[in-house]
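Engineer: Quick one: the structure is below, and I'll ask about it shortly.
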Amino acid sequence: MIERFSEIIGENELDSIFKIAEKLKGLSILHVNSTPAGGGVAEILSKLVPLMRELGINTDWKIIRGDPEFFKVTKSFHNSLQNGLGELPQGSFEIYRKWQEINGNELDLDYDVVFIHDPQPAGLITFRKKGKWIWRCHIDISNPYQPVWNFLREYIQKYDSVIISSAVFARDDLKNPQFIIPPSIDPLSIKNRDIPEITVKRILYKFDLDPGRPIISQVSRFDRAKDPLGVIRTYKLVKKHADVQLAYVGSPASDDPEGEIVYRETVQAAGDDKDIKLLMLPPNSDLEINAFQRGSTVVMQKSIREGFGLTVSEALWKKKAVIGGNTGGIPLQIIHGVNGYLVNTPEEAAHYALYLIRQKDIREKFGKAGREHVRRNFLITRELRDYLMVATLALG
Ligand code: UDP
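Each step along the sequence shown adds one to the number in numbering that gives the first Met the number 0, with nothing skipped, and position 50 is 49.
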């Protein structure tokens with residue numbers, strides 16, 4: 000029930016959402032992405048779509064299908080756009096076009112407003128019959144590998160507008176209007192709501208973590224952009240000075256074929272240290288994620304590239320000091336020295352992690368500031384309102 004948010008965001012904010020939604024009642028909105036679970040986009044859609052429905056807007060969420068070859072291609076596009084890498088499987092553009100066509104023919108895309116999330120389904124625009132189409136980009140496209148960007152830009156330019164997560168991702172070579180909408184978390188979800196300390200402890204014990212000793216954690220897919228090896232290095236540096244444990248919590252995503260390989264690399268880097276827990280949880284392990292974040296002394300998100308990094312807001316909301324990579328959307332969330340620290344290297348991360356482990360009062364001060372920063376800026380109700388605004392503007 001959307002009313003439940005009022006105690007967090009206040010009546011006025013909630014009223015403004017109802018007012019904007021009023022204009023969209025009865026209209027149809029479609030969201031399309033490439034995975035039902037695993038990763039931030041699925042996380043957001045699983046919360047946003049029910050809220051839009053509750054507001055009386057006929058909202059659907061569809062997922063494109065593809066074979067392993069297609070997802071290898073789209074992962075390579077992802078790495079090209081966000082990490083500037085130029086390694087593409089043979090025939091990538093052909094394979095991409097083929098699956099756009101398959102999905103374009105199979106899916107009913109006739110809605111008043113269509114939000115296409117990320118590059119994987121971007122080519123569906125070719126199959127538009129009606130409605131306003133908006134490309135919602137969740138990744139950092141500020142420094143792409145040019146041939147892939149040029150290929151996708153042909154599709155993207157056909158959209159009525161584009162949404163990016165941070166002003167630093169804005170592009171001069173797009174003529175479409177670009178809106179900035181940072182992502183958000185649902186404070187009432189199982190992943191983020193308050194849970195009793197006893198539950199946190201029970202889950203930590205279950206995974207062989209000792210709540211009596213400091214815990215550093217990172218919750219992330221096993222993806223090189225999340226720098227799991229940097230996290231291990233950070234832990235090993237801290238371990239020289241403190242009796243710390245590390246929990247790296249990941250889960251597979253059906254559109255990320257590299258997870259398995261990166262997991263194995265991480266296991267190798269961890270060696271036989273019993274205080275390192277590398278966990279591959281099933282998708283939707285929300286209560287467990289909640290407990291890991293809450294039970295941590297310090298939360299890390301040491302990404303090298305990051306569209307936003309929902310995990311940062313998730314941890315800040317739980318009053319945790321967060322150490323994050325100084326990249327992409329993370330600096331929107333971490334204010335250096337106020338609610339956490341922005342770092343570029345494992346050495347810097349280790350320095351701040353050790354400091355935070357030793358300074359409980361600083362952790363608490365940061366925790367309070369972090370929760371308030373998220374309450375004001377990164378809750379699902381704010382993102383919902385922004386989407387409704389963009390849909391309203393698109394419809395004119
Ligand atoms: N997540 C999860 N289980 C895991 C790893 C991640 O539920 O084992 C969630 C995490 O809590 C967050 C989302 O997946 O809600 C990841 O979003 P983020 O923006 O941090 O990164 P992305 O995976 O989209 O690059």
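From the three backbone atoms N, C-alpha and C, an ideal C-beta is built for every residue, glycine too.
Looking at the unbroken beta strand (DSSP E) that takes in ASN57, where does it start and where does it end?
Structural biologist: 57-62
Engineer: Does the beta-carbon distance from GLN145 to LEU123 come in below 9 Å?
Structural biologist: no
Engineer: Any idea what DSSP makes of GLN244, helix, strand or coil?
Structural biologist: strand
Engineer: Does the beta-carbon of PHE291 have 16 or more other beta-carbons within 10 angstroms, so that it is buried, or is it exposed?
Structural biologist: Around the beta carbon of PHE291, 16 or more other beta carbons lie within 10 angstroms, which makes this residue buried.
Engineer: Let me check one thing: in DSSP terms, what residues is ASN32 bridge-paired to?
Structural biologist: ILE62
Engineer: By the DSSP assignment, the alpha helix (DSSP H) with GLN145 in it spans what residues?
Structural biologist: 145-155
Engineer: If contact is defined by three or more beta carbon pairs under 8 Å, each pair taking one atom from either stretch, is the region 184-194 in contact with the region 308-319?
Structural biologist: yes
Engineer: If we count Cβ pairs, one from each stretch, closer than 8 Å, do we get three or more for the region 358-368 versus the region 333-348?
Structural biologist: At 8 Å Cβ cutoff, the stretches touch.
Engineer: Tell me which residues share the same chain as ARG384 and place their Cβ nearer than 6 Å to its Cβ, disregarding the 5 neighbours each side in the sequence.
Structural biologist: ILE16
Engineer: Going straight from the alpha carbon of ILE329 to that of GLU305, what length do you get?
Structural biologist: 7 Å
Engineer: Does DSSP classify VAL266 as helix, strand or coil?
Structural biologist: helix
Engineer: Would PRO281 count as contacting chain C if we go by Cβ distances under 9 Å?
Structural biologist: Absent here is chain C; the protein component of the structure consists of one chain.
Engineer: Measure the CB-CB distance between GLU42 and MET0 and report whether it falls below 9 Å.
Structural biologist: no
Engineer: First and last residue of the beta strand (DSSP E) that includes VAL298?
Structural biologist: 297-300
Engineer: Within the same chain, show all residues whose beta-carbon is closer than 7 Å to that of GLU257, passing over the 5 residues directly before and after it, in chain order.
Structural biologist: The beta carbon of GLU257 sits closer than 7 Å to the beta carbons of LYS74, ASP222 from its chain, once the five residues preceding and following it are set aside; these are given in chain order.
Engineer: Should the region 280-291 be called in touch with the region 240-249, which here means at least 3 C-beta pairs below 8 Å?
Structural biologist: yes
Engineer: Specify, as a first and last residue, the run of the alpha helix (DSSP H) that GLN119 falls within.
Structural biologist: Element bounds for GLN119: n/a, residue is neither H nor E.
Engineer: Taking 8 Å as the cut-off, is the CB of LYS225 close to at least one heavy atom of the ligand UDP?
Structural biologist: yes
Engineer: Tell me whether the beta-carbon of LYS131 lies closer than 9 Å to the beta-carbon of LEU394.
Structural biologist: yes
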